[in-house]
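What follows is a set of notes on a single structure, which appears directly below.
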Amino acid sequence: MVTPTLSKDPLPSTRDRLIDAAFRVVAREGLEAASVKVIAAEAGVTTGLVHYHFTRKEEMLEAALRHGLDAYLQRNRTRREATPPHQQIEAFFAAAREAVEPDRDFFKVRLALAARAMTQPALVESIEAINAAAVEEVALVFAASRGETEATTRDRALAATLKAAFDGIMLAWINNPQFPITAAAEILEEAAIMWVQEPRLL
0 MVTPTLSKDP
10 LPSTRDRLID
20 AAFRVVAREG
30 LEAASVKVIA
40 AEAGVTTGLV
50 HYHFTRKEEM
60 LEAALRHGLD
70 AYLQRNRTRR
80 EATPPHQQIE
90 AFFAAAREAV
100 EPDRDFFKVR
110 LALAARAMTQ
120 PALVESIEAI
130 NAAAVEEVAL
140 VFAASRGETE
150 ATTRDRALAA
160 TLKAAFDGIM
170 LAWINNPQFP
180 ITAAAEILEE
190 AAIMWVQEPR
200 LL
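Going by numbering that gives the first Met the number 0, the residue at position 44 of the sequence shown is 43; the numbering climbs one at a time, nothing skipped.
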């Protein structure tokens, strides 16, 4: 996934400007500092326009995350469909490594919202839907590595495990840039290949 840019038009809509602004503010200053007033100033609009389009700032961030997710799913699907089975896992991790730095802000915002969802039930459904879509796409990568087009229950369990591990790695790296993220990614890739080649080990 990449940091969302919601409009390529010279004059993006006010709603898209607010979504982009909310994303930038949270990535830069954190969720608590991202007040409606700060987001409005970032977008160059009045606070009244914020309330006209959104009832709360989390709605803006959910929209940004969904946009980023859609872009990620499309890119991953294109790569998966063009990659031979025996190269699926390697191609997936190669793309993930390339996206780590560009996706840093996306992960900061997603992880911040996921943490907020623990105390705000209104966020749970949206975060779960985003996570479920990402897990399903990774599960399809596992299926594709066997030359299949349908993910199994085991594929989904492996994908959920991989995503949880990757989220933890990203959190550690965001909090500490000295965290050995490259080595951690290599270990995850080795594990994923083992899961595919040696299913009896699990």
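Every residue gets a Cβ at the ideal spot worked out from N, C-alpha and C, and that includes glycine.
Select from the options the residue whose C-alpha is nearest the C-alpha of residue i.
{"i": "R145", "options": "P84, R74, Q73, E41", "result": "P84"}
{"i": "R76", "options": "I38, F165, A133, R96", "result": "A133"}
{"i": "A159", "options": "A20, A90, A131, P120", "result": "A131"}
{"i": "R78", "options": "I180, A95, L64", "result": "A95"}
Considering only their Cβ atoms, is the gap separating residue j from residue i smaller than 9 angstroms?
{"i": "V25", "j": "V123", "result": "no"}
{"i": "F106", "j": "L170", "result": "yes"}
{"i": "F178", "j": "I168", "result": "yes"}
{"i": "A164", "j": "D154", "result": "no"}
On the three-state DSSP scale, how would you describe residue i?
{"i": "D166", "result": "helix"}
{"i": "R55", "result": "coil"}
{"i": "E185", "result": "helix"}
{"i": "F91", "result": "helix"}
{"i": "V140", "result": "helix"}
{"i": "Q196", "result": "helix"}
{"i": "Q86", "result": "helix"}
{"i": "R145", "result": "coil"}
{"i": "N175", "result": "coil"}
{"i": "A273", "result": "The requested residue 273 does not occur in the structure, where the chain is confined to residues 0 to 201."}
{"i": "E100", "result": "coil"}
{"i": "P11", "result": "coil"}
Do you know how far the Cα of residue j is from the Cα of residue i?
{"i": "E135", "j": "L68", "result": "12 angstroms"}
{"i": "R23", "j": "A183", "result": "28 angstroms"}
{"i": "A143", "j": "Q87", "result": "7 angstroms"}
{"i": "A116", "j": "L110", "result": "10 angstroms"}
{"i": "T2", "j": "H66", "result": "Residue placement at T2 cannot be trusted, given a pLDDT of 48 that sits under 50; what the coordinates show is reported in the next sentence. Cα-Cα distance, rounded: 9 angstroms."}
{"i": "A191", "j": "I38", "result": "40 angstroms"}
{"i": "R74", "j": "V140", "result": "13 angstroms"}
{"i": "L17", "j": "K162", "result": "29 angstroms"}
Residue i: beta carbon under 8 angstroms from a heavy atom of the ligand NAP?
{"i": "A39", "result": "Among the components of this structure there are no ligands whatsoever, and the ligand NAP is therefore not found."}
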